[in-house]
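This report concerns only the one structure given below.
There are 2 protein chains.
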Amino acid sequence: MLTYDLEKRGKISLYEYLYQCIRDDILSGKIKAGEKLPSKRALAKNHGISVITVENAYAQLIVEGYVYTQEKKGYFAGKVNRQYIEPEIKTKKRPEEKKKQWLVDFNSNHIMYDSFPFATWSRVMRQTLLDQENSFLTSPAPNGVKELREAIANHLQHFRGMDVNPDNIIVGAGTEYLYSMIVQLLGHNKMIAVEDPGYKKIGKVYESNGVKCVHVKIDKEGLNINDLAGCNVSAIHISPSHHFPTGRVMPIGRRHQLLSWASKNKCYIIEDDYDSEFRFSGKPIPTMAGIDGRSVIYMNTFSKTLAPSIRIAYMILPDQLIETFHKKLGFYSGTVSSFEQYTLANFIKKGYFERHINRMRNYYRDYRNRIIHAIRQSPIYSKVTIEEENAGLHFILGIKGDVDDEKFIKTLKDNNINISGVSDYCYNNLEEFRHKFIINYSAVEEEKLTRALDIMNQALEK
Amino acid sequence: MLTYDLEKRGKISLYEYLYQCIRDDILSGKIKAGEKLPSKRALAKNHGISVITVENAYAQLIVEGYVYTQEKKGYFAGKVNRQYIEPEIKTKKRPEEKKKQWLVDFNSNHIMYDSFPFATWSRVMRQTLLDQENSFLTSPAPNGVKELREAIANHLQHFRGMDVNPDNIIVGAGTEYLYSMIVQLLGHNKMIAVEDPGYKKIGKVYESNGVKCVHVKIDKEGLNINDLAGCNVSAIHISPSHHFPTGRVMPIGRRHQLLSWASKNKCYIIEDDYDSEFRFSGKPIPTMAGIDGRSVIYMNTFSKTLAPSIRIAYMILPDQLIETFHKKLGFYSGTVSSFEQYTLANFIKKGYFERHINRMRNYYRDYRNRIIHAIRQSPIYSKVTIEEENAGLHFILGIKGDVDDEKFIKTLKDNNINISGVSDYCYNNLEEFRHKFIINYSAVEEEKLTRALDIMNQALEK
């Protein structure tokens, strides 16, 4: 008869302890597969416990498959196939990555602490919580909540002069997620052209999702159709309104050329409009999607304009792809919580988003002007050029004369200044992008900048 | 000299109207490529407007590439390559899908309106907003916010007896997103085994991400290794604790067999623990990941336990895959907003999550008992069997004797009752799963159920 010392059970319940004892004996082989177990009544009597306790332990053992019953015969130990199990190797804790404290970090596009409209956002959130209680109860549609898609279409109408059907908008948890959707729409084992230099992550996401990327060199006007000949690409991913990192704007002639090429070659243009909101003079540049919505997939994100923690991006698909989306990918659940979608929809509808963007645009314009002013005042100014397009959260600092880019970057790093060259964003070795460095200014503290510029100036004098 | 009737400009500004006029003339070819434009001064004088207005219009035209300048020569119309543009076809609005109002919908797993703890959640949200203001300012890490991963590990320790390293947890916007991550980890053009019958969406997501699925028939104990022979799969996706839709629990012997097979064949087991929280008697079934964390990818979601609108799921990767994740996919941004991650972390830490689950478990147990009681009281009871495993938000209604499943479902649909057969979840034609129907009871209104059961009974009598 099985006998266990129930006093040893510590804080766990009788039934659970009994379950554990029998389970362990079956696992260790002490109770062999096929061996008959005592009846509930007998086991209960043997331990001076209630039959119901044994019943509960047996029930759990049966559910988990340690024990099976045979009608009118009783309980038997099951076969557990235990032989192979090796001792578990204890997992190592990953060392925590310490964030380096830079004097100045030209690689960071961390936004300013007080730039996010907390008070307004949380007010809209609370109101949304009251109005849209039941938004919690339904799974968000694969293309996003209707109210948000309408708010986005409306915003694009006013802000970008675009005539967008809300039904063509797909909302997703970040642009990277949407890139993977595009791959699923176009099909795997295809080719997508990306810009060289360009934001490397884009190519990485595409490749990680199973497509090949062709890195096409850009010229002064952006990606050139001559370099696409024979490439057989299914899509071309570009940022025509503000190329990263060069900041170049694609002129209307080149845009028309590309649209024409795309339409002839049955290829889509993915128009990544990542920071179009931050043009500091004149109007925002009209989008390519606005010229020809049939071959352009337009993309934008709220992570740049609102806060990086907000993972809401959207794309506008041409009619044909929208059909494909509903047919091929309509089974997906949405990736952004409905509650956040309603909150953002209200934030846009009530005009807070536009107000926020205007405020941020002014803020960044002033801030950029002050940073550029500081460079002009610094002794380094005679050795550099500033290339900027009155737009975006970064500009290019060119070094006149010869400098070893890698050594320059290393020297600055040793002096707690973090900076990247445009060549770091080149896939091929492109001579013309040497001696150019990227100034992401949004996280730069002005008072530290002067010191950093002095260090940079000294590094150039060596 | 260019002359435009500026009175016609309506509400838009002078500079913008002038910009539009010149742009349209260049686009239409009225102003030819290479043609010299009037000087700013001359054009201003001609229209009786300020030079600054013309300057702004010219600046915008230059940025967009309609106009270029030649030093000391002036302004010229650019080449716009306009010829190809065809008139845009107006997009059709997609017809809105009307949701059918069912008498009883056995396919819906919509949760009960009052089951989501709004008040508590919104209190935690507000507190998180106060404490974690700066959580808005950083992009969430690719594997999720540390506080949330720690809270999950802690919860799994207490609730499932699992010893999980928070560093092995990956948080993502829903399980479907995490499936696509698994594909990227394992590589494309691989094979994954899924259960037949099974939740069809799982296979769809995998296939949409470029892997092939082998649909492996389950027996009484679940997926059988004999059916995997020669399959060369990289992973096996199963729900051992509560198979969908049959509800079957994989016994310990089969679990060990599968783990052993996986380890020998260098294959991963994806343990989809989608509703393990809802076992109505005894303890939750121990996980396979808890037995051998080296070959199991454990997955779970908060969409089932909290609310479908909350798009937060997680997986626990074995050490080896965690290394691969950071190496291959570490460049990704997280997909769940940091703010929601902190909110959920606090919700778990403060014990609200466990309390909520306990409440829901009791609620569902009672509700399921009442539904089963109603079936037992109905005249249909003599014609059916109820297969349930004391777990989950659905059970199986088997029809004794012969019935044409498709016709039965159609008759019910015509009578406003929505129901699916287990065979609807079969990939192959599996005889043994005929005459079995899935009762998702969570959205069934009791008072309507009696009527629905009468209709079902009549349908069986025909």
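If you read the protein sequences in the order shown, they are chains A and B.
Just so we're aligned: the first sequence equals residues 1 to 462 in this note's numbering.
Just so we're aligned: the second sequence equals residues 1001 to 1462 in this note's numbering.
Glycine included, every Cβ here is placed at the ideal spot set by N, Cα and C.
### Task
Starting from residue 1110 of chain B, find everything on chain A with Cβ-Cβ shorter than 8 Å and list it in chain order.
By Cβ distance, chain A contributes 137, 138.
### Query
Fully enclosed by the region 266-348 of chain A, which beta strand (DSSP E) runs are 3 residues long or longer?
As far as the region 266-348 of chain A is concerned, its whole beta strand (DSSP E) runs of at least 3 residues are 268-272, 296-301, 313-316.
### Query
If we cut at 9 Å on Cβ distances, does residue 425 of chain A have a partner in chain B?
So, not an interface residue.
### Query
How long is the line joining the alpha carbons of residue 376 of chain A and residue 370 of chain A, rounded to whole angstroms?
Straight through space, the alpha carbons of residue 370 of chain A and residue 376 of chain A are spaced by roughly 10 Å.
### Query
So which of B/1458, B/1006, B/1203 has the shortest CA-CA distance to residue 1044 of chain B?
Closest by C-alpha distance to residue 1044 of chain B, out of B/1458, B/1006, B/1203, is B/1006.
### Message
Does residue 1012 of chain B come out as helix, strand or coil in the three-state DSSP assignment?
### Response
Looking at residue 1012 of chain B - three-state DSSP - the assignment turns out to be coil, as it is neither helix nor strand.
### Task
State the Cα-Cα distance for the pair residue 373 of chain A and residue 367 of chain A, rounded to the nearest angstrom.
Straight-line Cα distance between these residues: approximately 10 Å.
### Task
State whether the region 405-422 of chain A contacts the region 250-267 of chain A, with contact taken as three or more CB pairs (one from each stretch) at a distance under 8 Å.
The region 405-422 of chain A makes no contact with the region 250-267 of chain A: fewer than 3 CB pairs, one atom from each, lie closer than 8 Å.
### Query
Below 9 Å between beta carbons: does that hold for residue 1309 of chain B and residue 139 of chain A?
Closer than 9 Å, so yes.
### Query
Near residue 318 of chain A, which residues of its chain fall below 8 Å by C-beta distance, leaving aside the five closest residues on each side in sequence?
Result list for residue 318 of chain A: 168, 268, 293, 294, 295, 296, 297, in chain order.
### Query
Going by the CB atoms, is the gap between residue 1285 of chain B and residue 64 of chain A shorter than 9 Å?
The criterion of a C-beta distance shorter than 9 Å is satisfied by residue 64 of chain A and residue 1285 of chain B.
### Query
For residue 1251 of chain B, does the count of other Cβ atoms within 10 angstroms reach 16, so buried, or fall short, so exposed?
Looking at its Cβ environment, which holds 16 or more other Cβ atoms inside 10 Å, residue 1251 of chain B is buried.
### Query
Which word fits residue 382 of chain A, buried or exposed, when buried means at least 16 other C-beta atoms lie within 10 angstroms of its C-beta?
With fewer than 16 other Cβ atoms within 10 Å, it is exposed.
### Spatial neighbours of residue 451 of chain A in its chain, beta-carbon cut-off 7 Å, leaving aside the 5 residues before and after
So the qualifying residues of the chain are 103.
### Cα-Cα separation, residue 1456 of chain B to residue 1401 of chain B
Going by the C-alpha atoms only, they are around 15 Å apart.
### Query
When the distance is taken between beta carbons, is residue 1344 of chain B closer than 9 Å to residue 1109 of chain B?
No.
### Task
Decide if residue 379 of chain A is buried, meaning its Cβ has at least 16 other Cβ atoms within 10 Å, or exposed.
Under this definition residue 379 of chain A is an exposed residue.
### Message
Since residue 1009 of chain B and residue 1017 of chain B should fall inside the 8 Å C-beta cutoff, what is the C-beta to C-beta distance between them, to a whole number of angstroms?
### Response
Sure, about 4 Å apart at Cβ, within 8 Å.
### Message
Cβ closer than 7 Å: which chain A residues qualify as neighbours of residue 1335 of chain B?
### Response
In chain order: 173, 174, 177, 311, 335.
### Query
Given a limit of 8 Å on CB to CB distance, which residues of the region 240-262 of chain A reach chain B?
The region 240-262 of chain A vs chain B, Cβ under 8 Å: 249, 250, 251, 252, 253, 254, 255, 256, 257, 259, 260.
### Task
Report back the beta-carbon spacing between residue 1305 of chain B and residue 1162 of chain B to the nearest angstrom; my notes put them in contact at under 8 Å.
16 Å between Cβ atoms; not a contact.
### DSSP-derived helix/strand/coil call for residue 77 of chain A
Residue 77 of chain A carries a strand assignment under DSSP once its states are collapsed to helix, strand and coil.
### Message
Helix, strand or coil for residue 1024 of chain B? Go by DSSP, reduced to three states.
### Response
Looking at residue 1024 of chain B - three-state DSSP - the assignment turns out to be helix.
### Query
To the nearest angstrom, how far is it from the Cα of residue 1321 of chain B to the Cα of residue 1185 of chain B?
Here the alpha carbon of residue 1321 of chain B sits roughly 7 Å from the alpha carbon of residue 1185 of chain B.
### Message
Between the alpha carbons of residue 1299 of chain B and residue 59 of chain A, how many angstroms are there, rounded?
### Response
Cα-Cα distance, rounded: 26 Å.
### Query
Can the beta-carbon of residue 313 of chain A be found less than 9 Å from the beta-carbon of residue 177 of chain A?
A contact, by the Cβ cut-off of 9 Å.
### Terminal residues of the beta strand (DSSP E) in which residue 1235 of chain B lies
Segment 1235-1238, the beta strand (DSSP E) holding residue 1235 of chain B.
### Message
Would you say residue 349 of chain A lies against chain B (beta-carbon separation less than 9 Å)?
### Response
Not one chain B Cβ lies under 9 Å of residue 349 of chain A.
### Task
Under 8 Å by Cβ, that's how I've got residue 1399 of chain B and residue 1460 of chain B pegged, so tell me the actual separation to the nearest angstrom.
Contact holds; Cβ gap of about 7 Å.
### Query
When the Cα atoms are used, what is the spatial distance from residue 1334 of chain B to residue 1003 of chain B?
One alpha carbon belongs to residue 1334 of chain B, the other to residue 1003 of chain B, and they sit about 55 Å apart.
#### Entry: Whole runs of the alpha helix (DSSP H) within the region 112-157 of chain A, excluding any shorter than 4 residues
Within the region 112-157 of chain A, the complete alpha helix (DSSP H) runs of at least 4 residues are 118-131.
### Task
In angstroms with no decimal places, state the Cα-to-Cα distance between residue 28 of chain A and residue 22 of chain A.
As the crow flies, the alpha-carbon of residue 28 of chain A is around 10 Å from that of residue 22 of chain A.
### DSSP-derived helix/strand/coil call for residue 1382 of chain B
Correct three-state label for residue 1382 of chain B: helix.
### Task
Determine which residues of the region 175-201 of chain A have a Cβ less than 7 Å from any Cβ of chain B, and write them out in chain order.
Residues passing the 7 Å Cβ filter: 176, 177, 180, 184, 188, 201.
### Query
By the criterion of Cβ-Cβ separation under 9 Å, what are the contact partners of residue 308 of chain A in chain B?
1136, 1137, 1138, 1139, 1140, 1333, 1338, listed in chain order.
### Query
Which first and last residues belong to the alpha helix (DSSP H) in which residue 1101 of chain B is found?
Taken as a continuous stretch (DSSP letters only), residue 1101 of chain B belongs to no alpha helix (DSSP H), as it is neither H nor E.
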